[in-house]
Amino acid sequence: MTATVTPITAHAPVVVDSLLTAGEAILYVYEDSDGSLSSDCTGCSEYAWTLDVDRSFARAHAEICLRRPRPFRLAA
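Mapping of the sequence shown onto my numbering: residues 7 to 82, in sequence order.
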């Protein structure tokens with residue numbers, strides 16, 4: 007039997023864009039190894055995912071999200 011080992015980093019999403027939201031938070035856009043896109047907002051914490059190749063879903067969210075960036079806190 008032959009096993010194929012694939013490094014876990016090959017499947018990790020890659021940041022392809024970051025957008026400033028209306029509330030001055032940052033919306034990170036990621037591309038997964040299958041070509042799908044996702045985004046994560048540092049203001050409202052919304053996570054979105056799409057198979058579409060364009061980033062219009064992320065731009066639309068960045069234009070309307072008014073939440074300020076969440077403060078960074080270290081775990082106790």
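From the three backbone atoms N, C-alpha and C, an ideal C-beta is built for every residue, glycine too.
Whose CA, out of the options, lies closest to the CA of residue i?
i, options, result
"E52", "V59, S44 and D58", "S44"
"L57", "S39, R76, C50 and E69", "S39"
"G29", "D60, F63, T48 and A54", "T48"
"F63", "Y34, V20, R73 and P19", "Y34"
"G87", "H67, H17, R73 and A66", "A question about residue 87 goes unanswered here, because the residues of the chain that appear run from 7 up to 82."
"P85", "P19, A31, S24 and V22", "The structure shown does not extend to residue 85, since the chain spans only 7 to 82, so no value can be given for it."
"C71", "W55, E37, L26 and R61", "L26"
"C106", "D60, E69, Y36 and R73", "Nothing about residue 106 can be read from this structure; the chain reaches only from 7 to 82."
Identify the residues that DSSP records as bridge partners of residue i: which are they?
i, result
"L33", "L25 and C47"
"A54", "S45"
"L20", "The sequence given here places Val at residue 20; Leu does not occur at that position. According to DSSP, V20 bridges with E37."
Return the chain-ordered list of same chain residues with a C-beta closer than 6 Å to the C-beta of residue i, the five sequence neighbours on each side being excluded.
i, result
"W55", "S44"
Decide if residue i is buried, meaning its Cβ has at least 16 other Cβ atoms within 10 Å, or exposed.
i, result
"A66", "exposed"
Just to confirm my understanding: we take residue i, look at its own chain, exclude 5 residues before and 5 after, and list those with CB closer than 7 Å. What are they?
i, result
"E69", "A28"
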